[in-house]
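Novice: Can you keep this structure in mind? I'll have questions shortly.
Pasting the structure below:
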């Protein structure tokens, strides 16, 4: 019988230590998001790294060891405390010449840093900083495909006309007044300029662009979109547009948002046979019949028409006793009805006919 007081067998402490160690020597991607690091002194940075994500830390300076990561392709300092002085050293990081993606979003930058060393750069993000000018962008490699400079204090679109390969340009939430220097962006697919001070549309004939956002600007006209024949999504809400025009050539349009404008009727959408979503809420549209007639050409694809806060649907819930929900082909059509459906049918029989025959989502309030 074994002695119960016999000590347990000895353990190999060296082996145990070895078991909990992490071998980073062959790691290619290191994600240190939200580690609340003030520096990288305690972090091993293996030379094999191709991606380094330092998002959401407390870094205020750059670790010089990063400059030796010759295989690095993606580098993110998003949401840190890096200022202009701290980022200066990046301009001498010769070993990182193969870098393709650099994210400096949400830091304390006041100017565009010098990234001229990165001749293969594809993505450059300096959004959510305090940059007042695009001076310095002329040094950015012409290989760039995506540029993000949203939520800054930029007043002019400049020093970017050499970016012939650009596919996405994000300059929303700045202080731009004029759309300019876009003529060379023949490959541009997405243009985001919402929350600026732009008064007129000038797209310089961007025939291949697919998405445009000009929400929350100072537009009074839609003229200027006619040549954007590849356009699929157009966002023009929160402007001062009083007439729908210049849309007939946009035959590939799937999403059209003209909510929160000054429209009194729906026009120039008869040719938009691929239209799926139409946002018309918060305007001054008076007739449901006119809406139905205007979108009749889109009935095969159209799934949503949003009409909240227009005179044509200014029914008040407190005035009626019942709320009736009608389901057509799994889509919801909402009515407020005083006594029966007859009243609404008499007001918009054509509109109802289109709804009953096709799968639409009509949101009236």
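Residue numbers (my numbering): 1 to 365. All C-beta atoms, glycine included, are put in the ideal place defined by N, C-alpha and C. The structure displayed is predicted, hence computed values, not measured ones.
Taking residue 168 as part of the beta strand (DSSP E), name the residues at either end of that continuous run.
Specialist: 168 to 170 is the span of the beta strand (DSSP E), which, as asked, contains residue 168.
Novice: Would you mind reading off the limits of the beta strand (DSSP E) that contains residue 212?
Specialist: Per DSSP, residue 212 belongs to the beta strand (DSSP E) from 211 to 213.
Novice: Taking the continuous alpha helix (DSSP H) assigned at residue 290, which residues delimit it?
Specialist: Segment 288 to 294, the alpha helix (DSSP H) holding residue 290.
Novice: Do residue 262 and residue 242 have their CB atoms nearer than 8 Å?
Specialist: Yes, these two residues count as a Cβ contact at 8 Å.
Novice: Between 272, 265, 201, which has its C-alpha nearest residue 224's C-alpha?
Specialist: Among 272, 265, 201, the Cα nearest to that of residue 224 is on 201.
Novice: If you follow the alpha helix (DSSP H) that residue 200 is in, where does it begin and where does it stop?
Specialist: Premise fails: residue 200 is in no alpha helix (DSSP H) and is neither H nor E.
Novice: Could you give the residue range of the alpha helix (DSSP H) that holds residue 84?
Specialist: Residues 84 to 87.
Novice: As a quick exercise: from 98, 135, 109, pick the residue whose alpha carbon is nearest that of residue 123.
Specialist: With distances taken between Cα atoms, residue 123 lies closest to 98.
Novice: With C-beta atoms as the reference, is residue 170 less than 8 Å away from residue 142?
Specialist: Taking 8 Å as the Cβ cut-off, residue 170 and residue 142 do not qualify as a contacting pair.
Novice: Could you tell me the alpha carbon to alpha carbon distance between residue 311 and residue 81, rounded to whole angstroms?
Specialist: Using only the alpha carbons, I get a separation of about 50 Å.
Novice: For residue 190, list the residues DSSP reports as bridge partners.
Specialist: DSSP lists 168, 211 as partners of residue 190.
Novice: Give a yes or no on contact between the segment 184 to 195 and the segment 204 to 221, applying the rule of three or more CB pairs nearer than 8 Å.
Specialist: Yes, since at least three Cβ pairs between the segment 184 to 195 and the segment 204 to 221 fall closer than 8 Å, the two stretches touch.
Novice: Have a look at 229, 102, 48, 181 and flag the residue whose alpha-carbon is nearest the alpha-carbon of residue 28.
Specialist: That would be 48, whose Cα lies nearest to the Cα of residue 28.
Novice: Rounded to a whole number of angstroms, what is the C-alpha to C-alpha distance between residue 291 and residue 217?
Specialist: The alpha-carbon atoms of residue 291 and residue 217 are separated by roughly 25 Å.
Novice: Return the Cβ separation of residue 138 and residue 153 in integer angstroms, given the expectation that the two are a contact with Cβ distance under 8 Å.
Specialist: Rounded, the Cβ-Cβ distance is 19 Å, inconsistent with contact.
Novice: Measure the alpha-carbon distance for residue 166 versus residue 111 and round it to whole angstroms.
Specialist: Residue 166 and residue 111: Cα-Cα distance of roughly 21 Å.
Novice: Among the residues of its own chain, which have a CB less than 6 Å from the CB of residue 151, if the five just before and after it don't count?
Specialist: Same-chain partners within the cutoff: 127, 128, 173.
Novice: Give me the Cβ distance between residue 303 and residue 277, rounded to the nearest whole Å; I'm assuming they're in contact under 8 Å.
Specialist: With 8 Å as the limit, residue 303 and residue 277 qualify as a contact, their Cβ atoms being about 7 Å apart.
Novice: Taking residue 83 and residue 108 to be in contact with their CB atoms under 8 Å, please state how far apart those CB atoms are, rounded to whole angstroms.
Specialist: Yes, residue 83 and residue 108 are in contact; Cβ-Cβ is about 4 Å, under 8 Å.
Novice: Pull up the CB-CB distance for residue 73 and residue 50, whole angstroms please, since I reckon it's below 8 Å.
Specialist: Rounded, the Cβ-Cβ distance is 5 Å, consistent with contact.
Novice: So, helix, strand or coil for residue 147, using DSSP?
Specialist: Three-state result, residue 147: strand.
Novice: Any idea if residue 78 is buried or exposed, counting beta-carbon neighbours within 10 angstroms, 16 or more meaning buried?
Specialist: The residue is buried, with at least 16 neighbouring Cβ atoms inside 10 Å.
Novice: Please report how far the alpha carbon of residue 249 lies from the alpha carbon of residue 205, in whole angstroms.
Specialist: C-alpha separation (whole angstroms): 13 Å.
Novice: My output table needs one value for residue 75: the three-state DSSP class, helix, strand or coil.
Specialist: The answer is strand: DSSP assigns residue 75 an E or B state.
Novice: So the beta strand (DSSP E) residue 279 belongs to, where does it begin and stop?
Specialist: Per DSSP, residue 279 belongs to the beta strand (DSSP E) from 277 to 279.
Novice: As an exercise, report each continuous beta strand (DSSP E) stretch of at least 3 residues that is fully enclosed by the segment 213 to 257, in chain order.
Specialist: Listed in chain order, they are 233 to 235, 255 to 257.
Novice: Run the CB neighbour count on residue 237, radius 10 Å, all protein chains shown included, and call it buried at 16 or more, exposed below.
Specialist: With 16 or more Cβ atoms within 10 Å of its Cβ, residue 237 is classed as buried.
Novice: Is DSSP giving residue 52 helix, strand or coil here?
Specialist: Strand at residue 52.
Novice: Alpha carbon to alpha carbon, how far is residue 175 from residue 24?
Specialist: Roughly 45 Å between the two C-alpha positions.
Novice: Excluding the five sequence neighbours on either side, which residues of its own chain have a C-beta within less than 6 Å of the C-beta of residue 257, listed in chain order?
Specialist: If we look at residue 257 and ignore the five residues flanking it on each side, its Cβ neighbours are 235, 237, 279.
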